[in-house]
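What follows is one structure encoded as structure tokens, with my remarks underneath.
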Amino acid sequence: MNLLIPEFALIISSLGLLMLGVFKKNSQKLINNFILVLLVILIGIIGVNYKDNQNFFNNTYSVDLLSNFMKITVLIAVIFTNLISSQYLRNQSLTRFEYSILILFSVVGMFTMISANNLIIFYLGLELQSLCLYILASINTTSVKSSEAGLKYFVLGSLSSGLLLYGCSLVYGFTGSTDYYVIANSFLTSGDALKFGLVFILCGIAFKISAVPFHMWAPDVYEGSPTSVTTFFAMAPKIAALAALIRFLHIPYANFYADWKAIIIVISIASMILSAVAAIGQNNIKRLMAFSSIGHIGFILAGLAVGTKQSLSAVLVYVFIYVLMNIGTFACIMCIHRKGAYFEKISDLSGLSKNHPVVAFSLSMLMFSLAGIPPLAGFFAKFYIISSIIEQKIYYLAVIGLISAVISAFYYLRVIKVIYFDQPVDNYDPVENIGIKFSLAVAIIFILFYFIQPSLLSNIADNVALNFK
Amino acid sequence: MNFPILSLITFLPIVGVIAILLAGGTDDQKNKFSKNVAILISIIDFILSLIVWIKFDSLNKGFQFVENANWITNFVSYKVGVDGISLFLVLLTTFIGPICIFGAINTIDKKIKEYLIAILFMQTFMIGVFLALNLFLFFLFFEGGLIPMFLIIGIWGGERRVYASLKFFLYTFLGSIFMLIAIISIYWNMNTLDIPTLLSSKIPEHLQYYMWFGFFISLAVKLPMFPFHTWLPDAHVEAPTTGSVILAAILLKISGYGFIRFSLGLFPIASEYFANFVFVLSVCAIIYASLVALMQKDMKKLIAYSSVAHMGYVTIGIFSFTKQGVDGAMFQMISHGFVSSALFLCVGVLYDRIHSRLINDYSGVVHFMPKFSLVFLLSSLANVGLPGTSGFIGEFLTLIGSFKVNYIVTMFATSGVILSAAYSLWLCKRVIFGNFSIKQDSNVKILDLDKTETLILFSLMVLILYVGIYPNSILSTISTSVDQSILGFAKNIPSTLITK
Chain A
0 MNLLIPEFAL IISSLGLLML GVFKKNSQKL INNFILVLLV ILIGIIGVNY KDNQNFFNNT
60 YSVDLLSNFM KITVLIAVIF TNLISSQYLR NQSLTRFEYS ILILFSVVGM FTMISANNLI
120 IFYLGLELQS LCLYILASIN TTSVKSSEAG LKYFVLGSLS SGLLLYGCSL VYGFTGSTDY
180 YVIANSFLTS GDALKFGLVF ILCGIAFKIS AVPFHMWAPD VYEGSPTSVT TFFAMAPKIA
240 ALAALIRFLH IPYANFYADW KAIIIVISIA SMILSAVAAI GQNNIKRLMA FSSIGHIGFI
300 LAGLAVGTKQ SLSAVLVYVF IYVLMNIGTF ACIMCIHRKG AYFEKISDLS GLSKNHPVVA
360 FSLSMLMFSL AGIPPLAGFF AKFYIISSII EQKIYYLAVI GLISAVISAF YYLRVIKVIY
420 FDQPVDNYDP VENIGIKFSL AVAIIFILFY FIQPSLLSNI ADNVALNFK
Chain B
0 MNFPILSLIT FLPIVGVIAI LLAGGTDDQK NKFSKNVAIL ISIIDFILSL IVWIKFDSLN
60 KGFQFVENAN WITNFVSYKV GVDGISLFLV LLTTFIGPIC IFGAINTIDK KIKEYLIAIL
120 FMQTFMIGVF LALNLFLFFL FFEGGLIPMF LIIGIWGGER RVYASLKFFL YTFLGSIFML
180 IAIISIYWNM NTLDIPTLLS SKIPEHLQYY MWFGFFISLA VKLPMFPFHT WLPDAHVEAP
240 TTGSVILAAI LLKISGYGFI RFSLGLFPIA SEYFANFVFV LSVCAIIYAS LVALMQKDMK
300 KLIAYSSVAH MGYVTIGIFS FTKQGVDGAM FQMISHGFVS SALFLCVGVL YDRIHSRLIN
360 DYSGVVHFMP KFSLVFLLSS LANVGLPGTS GFIGEFLTLI GSFKVNYIVT MFATSGVILS
420 AAYSLWLCKR VIFGNFSIKQ DSNVKILDLD KTETLILFSL MVLILYVGIY PNSILSTIST
480 SVDQSILGFA KNIPSTLITK
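Chains A and B are the protein sequences, given in the same order. All the letters of the first sequence, read from the start, carry residue numbers 0 to 468 under numbering that gives the first Met the number 0. All the letters of the second sequence, read from the start, carry residue numbers 0 to 499 under numbering that gives the first Met the number 0.
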């Protein structure tokens, strides 16, 4: 039962903190700090039991290397999101205690998704997570855009959940079970019928990871939500949904490789191309990041479609590097404020190099890294994926992926162009918040110096991939 | 393990960058410090590479000073080494380094510290490209150079710098992805990316064609080869003078190096198969670019097009697969490194004084700047390929080499010599000679070369003449390695193909 400590700790503390928040006034800061410490401790707990492998509750909940890796990645994402957004929340007067607690609840949901080994548990985790996210998107009640984002996310999200649930019920109908192992074993008896379920469930998950053609919500929600929430959206829920997707494809649907490979490749190509082309016209950096994340998801899916251990490891490395790059980028975005007002237009970045050389340098390196230019970390992420694709000789996927990377390099370069080549605008406030500074430093050091010891991360990922299943 | 001198040469500029970044004090102090550091580092780097040259054993067939270290487990090792082919390109890079830094200190007035950092980074990446003995490492350095060059053009460039820098970046990036795919498929087919191992093993024939093409696209964009050359004139015109020098003198040489090392070494059958294709493109480049150069109004653009034409000789020489041809190509690259940097620096000198690059704005410069005119004339003549200058040896050898293989191509290529005489001499006639008339706002006295400029330009002149008169200084050292690559090439080609 040791392995379930993180989940229990999360549930108990989130309920407890909810009580504390209700009965004690102005406890926001306390709650926030408590959560931060809790999450750091959880990383330690998961890290200690990293290698353990066990199924719980009648095989419905499995803790293994993959789930541990993904949980740690989620925790890292959430911790850094908290660190970089504290000042933003204060400036935007969004300091409610519910905010942190909602995040904590959604982390519980994510953990459940990551470890779910049963369709019902998976759905439960997904819904718990999503409901928190709907509220978070519209947490800024004074902003019309935020409310719009929340509503849009809610309507589309419930639609996708409906699709997913329908898929689950189909699968249950044909196999008589929601257990992943049972489904996997009924491959022969109810073969083709299961494919219907597969398609619906994939639609539902594709929505959560904002893969084309279920990406429509992403730019609007990214733009409308408070930036701190956007930061959260860009990372944690996607990791969880990806983990669930990996497990779902490799356990119950392992025998349907040929079928889901085709679907995933189509989704992946569509995501990469759409994001590369659509992001060019964006003026808002949050929208840009939305399209950028769609492209990155496309790349990750391309890796998933290959279906080898090699590619699974590449996907894990990519996810981790993606998270670090996003932490850095959003930390930079949070730095662009003057007298409490935040700026989101790309043109607002003009001449940043003059007034904020460090932020400017970091942001441009992050952009280069997101574009996948060596020797930055982003290049290695793409490299591993492309390498695993070429190993399986799916050349067209590699070519399309890389060409879309070139096209998307254009809009990343445009940001750098605005930062370095354009005339400076007024000064922004200096960066004083220690959380932002720390997160930015971690992200930048990681992406700049990743090339010195790239095997460190990839060995861990290899290990996870080899021990999966 | 021996003293890691090659890694030291490669990463010394980064040490300089760190020193510059850590410097404290007022802005003036910082700038002064960074200038000193940059000069010092680049000169030490040059001296170190001279030591490598002195210790270099020109009869050794393999790679020398090899360093090998584990890097990415089971996949890539950090391996560097030098042979006759890369030695002179490294020397060229380390020699151009101090020249650029002197030039930059003289001419750049905004953000000099950042500029020096970018140049030092460039230096590391360029040296690394030539020294890397692992394809992945090669690619890393090859691509990494994009970032500083993009910033050099974009931040310190001329009016259309944004357009030029984006075009440069996207063109090269697009080209290089095909190389990346080729490199990865080499890995999955041969299970290694170690260049010496790959050179001695044989890649299956049916794969060679695709991989050759992947490398070709990437190298052809960077060379640049007709019809992928359009980024070059823009990049050259908009880049600051020293940026142009790096571009012309070093960046373009990476492709020539890549062709010799990879196209010839790894894919001999495909190279043979595509040789005529390359010949046609090279001849197009020579004639077309020369004709375009004739019509340019902007001096920098003229030199840029002449670079395209001269690189045409390099590819003709390499793909003739003869000793003379490859020798000539190597020589042409080194000579072009000197000549084009001298020419770009000359244009820079004029631009600093009059702030115009248009040919029509100048006439009779010789009356006021005799020293400058001497240098300009000499480098133009070297550009033409006048016997006694380095340009002659390169063109002559490549043409001899290609004559053996394909005289029609050689015939057309030779016409490029005349055309280059036409545009270079015409340029000299219009700018240097004639009655003195320079468009300018005030009657500022136009000064001749100052001390730094004299030092830079005359050292280049000395080298142009020295290697032109005594080419053996280079040829004797590269001979063994070139023989080796030609031999390795011939060994892999079925005898039926060679006799033609």
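Built from N, CA and C at the ideal position, the CB exists for glycine as well.
So which residues on chain B does residue i lean against when the C-beta distance must stay under 9 Å?
i	result
Ile389 of chain A	Ile180, Ile183, Ser184, Tyr186 and Trp187
Which whole-angstrom value is the C-beta distance of residue i and residue j, which I expect to be below 8 Å?
i	j	result
Phe10 of chain B	Ala22 of chain B	Contact doesn't hold; Cβ gap of about 19 Å is too wide.
Ile100 of chain B	Ser41 of chain B	5 Å
Val75 of chain B	Leu136 of chain B	7 Å
Tyr419 of chain A	Gly153 of chain B	6 Å
Lys221 of chain B	Ser254 of chain B	4 Å
Asp130 of chain B	Ser85 of chain B	Residue identity differs from the one stated: residue 130 of chain B is Leu in this sequence, not Asp. Confirmed, about 6 Å.
Val416 of chain B	Gly393 of chain B	That pair is no contact at about 11 Å.
Asn469 of chain A	Gln53 of chain A	Lying before the first or after the last residue shown, residue 469 of chain A is absent from chain A, which here runs from 0 to 468.
Ile134 of chain A	Met333 of chain A	The Cβ separation is near 21 Å, so there is no contact.
Val322 of chain A	Ile238 of chain A	7 Å
Asn426 of chain A	Ile345 of chain A	Contact flag wrong, Cβ pair sits at about 18 Å.
Arg356 of chain B	Val346 of chain B	6 Å
List, in chain order, every chain B residue whose beta-carbon is nearer than 7 Å to that of residue i.
i	result
Val398 of chain A	Ile180
Ile372 of chain A	Glu142, Leu145 and Ile146
Ser145 of chain A	Residues of chain B passing the Cβ test: none, with the nearest at roughly 35 Å.
Phe367 of chain A	Ile146
List, in chain order, every chain A residue whose beta-carbon is nearer than 9 Å to that of residue i.
i	result
Leu218 of chain B	Under the 9 Å cutoff, chain A gives no residues; its nearest Cβ is about 17 Å from Leu218 of chain B.
Leu165 of chain B	Phe409, Leu412, Arg413 and Lys416
Please list the terminal residues of the continuous alpha helix (DSSP H) segment that includes residue i.
i	result
Tyr406 of chain B	Tyr406 to Val430
Val75 of chain B	Element bounds for Val75 of chain B: not the alpha helix (DSSP H) but the beta strand (DSSP E), Val75 to Val81.
Tyr312 of chain B	Met298 to Ile317
Tyr287 of chain B	Pro267 to Leu293
Asn354 of chain A	Leu351 to Asn354
Arg352 of chain B	Lys322 to Ile353
Gln504 of chain B	Summary: the structure shown does not reach residue 504 of chain B, with chain B confined to residues 0 through 499, and so no result is reported for it.
His295 of chain A	Ile284 to Val305
Glu343 of chain A	Careful: Glu343 of chain A lies outside any alpha helix (DSSP H) and carries neither H nor E.
Glu6 of chain A	Ile4 to Phe22
For residue i, return the contacting residues in chain A, with the cut-off set at a CB-CB distance below 7 Å.
i	result
Thr72 of chain B	Ser454 and Asn458
Ile249 of chain B	Near Ile249 of chain B there are no residues of chain A at all, since even the closest Cβ is about 18 Å away, more than 7 Å.
Ile500 of chain B	There is simply no residue 500 of chain B to check, as chain B begins at 0 and stops at 499 in what is shown.
Would you mind reading off the limits of the beta strand (DSSP E) that contains residue i?
i	result
Glu66 of chain B	Gln63 to Ile71
Gln53 of chain A	Gln53 to Phe55
Ser403 of chain A	It is not in any beta strand (DSSP E) - Ser403 of chain A instead sits in the alpha helix (DSSP H) that spans Tyr394 to Phe420.
Ser48 of chain B	First-last for Ser48 of chain B: Asp26 to Lys54, but that is the alpha helix (DSSP H), not the beta strand (DSSP E).
Val316 of chain A	Val316 of chain A -> not in any beta strand (DSSP E); alpha helix (DSSP H) instead, spanning Lys308 to Cys334.
Val62 of chain A	Tyr60 to Val62
Mind pulling the chain A residues with CB within less than 8 Å of residue i?
i	result
Leu474 of chain B	Near Leu474 of chain B there are no residues of chain A at all, since even the closest Cβ is about 35 Å away, more than 8 Å.
Phe168 of chain B	Ala408 and Leu412
Leu173 of chain B	Ile402 and Val405
Run down chain B in chain order and give the residues with a C-beta less than 8 Å from the C-beta of residue i.
i	result
Ser349 of chain A	The premise fails here: Ser349 of chain A is roughly 12 Å from chain B at the closest Cβ pair, so nothing lies under 8 Å.
Ser157 of chain A	What Ser157 of chain A touches in chain B: nothing, since even the nearest Cβ is about 40 Å away.
Ile385 of chain A	Leu179, Ile180 and Ile183
Next item on the list: Within the region 137 to 210 of chain B, note down every full alpha helix (DSSP H) run reaching 4 residues or more, in order along the chain.
Entry: 145 to 155, 160 to 189 and 194 to 199
Next item on the list: Taking only beta carbons into account, state which residues of the region 404 to 421 of chain A come closer than 9 Å to chain B, listed in chain order.
Entry: Ala404, Val405, Ile406, Ala408, Phe409, Leu412, Arg413, Ile415, Lys416, Tyr419, Phe420 and Asp421
Check: Quick one, which residues of the region 139 to 160 of chain B are near chain A if we go by CB-CB under 9 Å, in chain order?
Finding: Leu139, Phe140, Phe141, Glu142, Gly143, Leu145, Ile146, Phe149, Leu150, Gly153, Ile154, Gly156 and Arg160
Margin query: What are the residues in the region 263 to 278 of chain B lying within 8 Å of chain A by C-beta distance?
Written below: none
Margin query: Under 9 Å, CB to CB, which of the residues in the region 206 to 237 of chain B have a partner in chain A?
Written below: Tyr209
Item checked: Contiguous alpha helix (DSSP H) assignments of at least 4 residues, all confined to the region 114 to 174 of chain A -> 118 to 136 and 143 to 174
Notebook entry, point to check: Going along the chain, which unbroken runs of the beta strand (DSSP E) with 3 or more residues stay wholly within the region 193 to 279 of chain A?
Noted result: none
Notebook entry, point to check: Going along the region 105 to 125 of chain B in order, which residues come within less than 8 Å of chain A, judged by CB to CB distance?
Noted result: none
Note to self: Please list, in chain order, the residues of the region 298 to 324 of chain A that have any C-beta partner in chain B closer than 7 Å.
What the structure shows: none
Next item on the list: Let me know the alpha helix (DSSP H) ranges lying completely inside the region 225 to 269 of chain B, each 4 residues or longer, listed in chain order.
Entry: 230 to 237, 240 to 245 and 251 to 257
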